[in-house]
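Asks:
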Amino acid sequence: MPQEKPDLRSLSEPVRFKRALTLLLMTLLLPGSAQIAAGSKKAGRWAWRVLAGIVALVIFVIVLSLIWRAGAINLMVSPKTLRFIQILLILLAIGWAALFVDAYRLGRPLTLERNHRLTTSIIDGVLIVLVMSVLIWGSTIVSTQRDFVASVFGNGKKSEADKGRYNVLLLGGDSGADRIGTRPDSITLASIDANTGRTVLIGLPRNMARVPFPAGTALNKKFPDGFHWTDCAENCLLNGVYTYSAEHPALFPGDPNPGVTGTKQAVEAITGLKVNYHVLIDLAGFRDLLNAVGGITLDVGKRVPIGGIGGPIKGYIEPGANQHLDGYHALWFARSRAGATDYERMTRQKCVMTAMLNQLSPTTVLTKFQGIAKASKKVVNTDIPAGDLGTFTDLALDAKKLPVSSFSAVPPLIKTGNPDFALIKTKVAEAIGKSEALDKSSDDGDGKKTNAPSNSTTKKATTPVKPGKSSSTPSKPGNDVDDVASICKA
């Protein structure tokens, strides 16, 4: 590094002290500027080039997110991108610390009085620790994100939208020591418009009997008249398909997850919809996930027991508006069966899903990401590939602005002991058609769809759901609901 000009040595000591502090402040605000002003201009210019490159990358991502939000998210959650960012942050921490050390040297600490030299040294040390801590912490967050994406999403096979919709099977169940969701406690198909994110939740009761399977599948050949107890020794109801399939892997050669595959096939045959992906949630671990995000706020319409059905009732979730529930209480709100029907519980589960959709803001996810990622790795199993994460995040952000409608294949319309599967398919198609009718499609000249309310009824239906307004359900929920939030009221 070049030495200072001789005339700088003639400066008074207070001026030299201010100069030393200024060089440190310059390095904090604009790394490399101290070197440009008083040291190696070559080193300073390299620091500026790195800084300019980072600014250019940030601007590129911002512009990309405005033009193609899903693409920007996919880019930012790619394991390769995350690894690059992680290494970059570590290198930036080292490089910035080196610039602070050099700026301290350029301040000529040996020419300062003892107190001023001590002050300069402390400030320089604090700034180095501060900058390195922030960047290393950032690299830790990025590493957690990378591990989360790799652990939960992995490299599943991409599935294209079917007839303009993504259909995602949501399964919830208790896990054992080495398994997750052996017998699903909750079975819901989320049908999502691939353009608008508008969602229909299709609830299927776990005790649905005689469920069919698609023609040509091994399960169809095994149970040509539907899955029921005259043909097998298992609990031959819809939630038993998972167990039966998992225990008969020979029916699914080479399939690493026959339980999910069998359940997907049953749901496809019941609803007439192609199932693109599944999300399997461990309800026992779901409590930790809800705690990680700070809980959810629900309207509780009636007293909900904690426990019961095979065990004592340990307490109650009392009715009331805007009840904030932690993970423990929210889990029992979703799964409690004591004093209620399975169908009421299905509706409560939809209320929890809707509350999470509305209340989990990007800010919440970002600030509590490490806790969410840690819990999610234990809670969630899915075949959604990492490459589609941006697509579904994008759709979720759109869905937050729209009401969620639903259809439940439950009594009195559907008799679960002897279901009319043709009627179920018809009602599912009607629910989806009604949802899609809320969005008038028009061509903007580029082949893209734009959405507009079709009439006054639509305007009312598309009023955004207010966060925090979700919850309990009537004891006899309807089969068709245009807005799940409307039945989640105290």
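Mapping the sequence shown onto numbering that gives the first Met the number 0, position 298 (from 1) lands on 297, and the numbers just tick up by one. Glycine included, every Cβ here is placed at the ideal spot set by N, Cα and C. Given the structure is predicted, the values throughout are model-derived calculations rather than measurements.
#1: Within this structure, are the beta carbons of residue 131 and residue 92 separated by less than 7 Å?
#2: DSSP on residue 208, reduced to helix/strand/coil?
#3: Give the straight-line distance between the Cα atoms of residue 402 and residue 165, rounded to the nearest whole angstrom.
#4: Taking only the alpha-carbon atoms, compute the straight-line gap between residue 311 and residue 331 and give it to the nearest angstrom.
#5: Just the Cα atoms here: how many angstroms apart are residue 194 and residue 50?
#6: By DSSP, does residue 309 sit in helix, in strand, or in coil?
#7: What is the C-beta distance between residue 200 and residue 352, in whole angstroms, given that I count them as a contact (C-beta under 8 Å)?
#8: Counting Cβ pairs, one atom from each stretch, are 3 or more of them under 8 Å apart for the segment 211-228 and the segment 312-319?
#9: Here's the rule I'm using: 16 or more other beta-carbon atoms within 10 Å means buried, otherwise exposed. How should residue 446 be labelled?
#10: Does the contact criterion of 3 or more C-beta pairs under 8 Å hold for the segment 201-213 versus the segment 138-155?
#11: Give, in chain order, every unbroken run of the alpha helix (DSSP H) that is at least 4 residues long and sits entirely within the segment 234-265.
#12: With DSSP collapsed to three states, give me the class of residue 328.
#13: For residue 251, which residues in the same chain have their Cβ closer than 8 Å to its Cβ, ignoring the five residues on either side in sequence?
#14: For the candidate residues 58, 107, 67, 37, whose alpha-carbon lies nearest to that of residue 15?
#15: In the structure shown, what three-state DSSP assignment does residue 90 receive?
#16: Starting from residue 152, follow the alpha helix (DSSP H) in both directions and report where the run begins and ends.
#17: In terms of alpha-carbon separation, which member of 340, 48, 288, 277 lies closest to residue 411?
#18: Kindly indicate which three-state DSSP category residue 316 falls into: helix, strand or coil?
#19: Going by DSSP, name the residue or residues bridged to residue 189.
#20: Measuring only the C-alpha atoms, how far is residue 307 from residue 336?
#21: When you compare the CB positions of residue 144 and residue 81, do they come within less than 7 Å of one another, or not?
#22: In the DSSP assignment, what residue or residues form a beta bridge with residue 303?
#23: Output yes or no for whether 7 Å exceeds the beta carbon distance between residue 28 and residue 102.
#24: Residue 326 and residue 287 look like a contact to me (Cβ under 8 Å); what is the Cβ gap, rounded to whole Å?
#25: Please classify residue 90 as buried or exposed, where buried requires at least 16 other C-beta atoms within 10 Å of its C-beta.
#26: Exposed or buried, what is residue 119 when buried is set at 16 or more other beta-carbons lying within 10 Å of its beta-carbon?
#27: Between which two residues does the alpha helix (DSSP H) harbouring residue 404 extend?
#28: Take residue 31 and list the residues in its own chain whose beta-carbon comes closer than 6 Å to its own, dropping the five residues that flank it on each side.
#29: Contact defined as beta carbons within less than 8 Å: I believe residue 269 pairs with residue 420. What is the distance between those atoms, to the nearest angstrom?
#30: Is the separation between the beta-carbon of residue 267 and that of residue 278 shorter than 7 Å?
#31: Are the beta-carbon atoms belonging to residue 134 and residue 88 less than 7 Å from one another?
#32: May I ask you to report which of helix, strand or coil DSSP gives residue 277?
#33: Take residue 398 and list the residues in its own chain whose beta-carbon comes closer than 8 Å to its own, dropping the five residues that flank it on each side.
#34: Is it buried or exposed for residue 246, if we count other Cβ within 10 angstroms and need 16 for buried?
#35: Could you name the residues of the same chain whose beta carbon sits closer than 6 Å to that of residue 329, not counting the 5 residues immediately before and after it, in chain order?
Replies: With the given structure in hand:
#1: yes
#2: strand
#3: 17 Å
#4: 14 Å
#5: 37 Å
#6: coil
#7: 7 Å
#8: no
#9: At residue 446 the pLDDT is 44, less than 50, meaning the model places this residue with poor confidence; the figure from the coordinates comes in the next sentence. Burial call: exposed.
#10: no
#11: Listed in chain order, they are 239-246.
#12: helix
#13: 217, 244, 257, 260, 261
#14: 107
#15: helix
#16: Segment: none, residue 152 is in no alpha helix (DSSP H) and carries neither H nor E.
#17: Out of 340, 48, 288, 277, 340 has the C-alpha closest to the C-alpha of residue 411.
#18: strand
#19: For residue 189, which the question treats as bridged, DSSP gives the partners 167, 200.
#20: 8 Å
#21: yes
#22: 316
#23: Going by C-beta atoms, residue 28 is not nearer than 7 Å to residue 102.
#24: 6 Å
#25: Exposed: under 16 other Cβ atoms inside 10 Å.
#26: buried
#27: Here residue 404 belongs to no alpha helix (DSSP H); instead the beta strand (DSSP E) covers 404-407.
#28: 43, 46, 47
#29: 6 Å
#30: Cβ distance not < 7 Å, so residue 267 and residue 278 don't count as in contact.
#31: Contact: yes.
#32: Of the three classes helix, strand and coil, the one that applies to residue 277 here is strand, per DSSP.
#33: 191, 196, 197, 198, 356
#34: Within a 10 Å sphere around the beta-carbon of residue 246 sit fewer than 16 other beta-carbons, which makes this residue exposed.
#35: 289, 295
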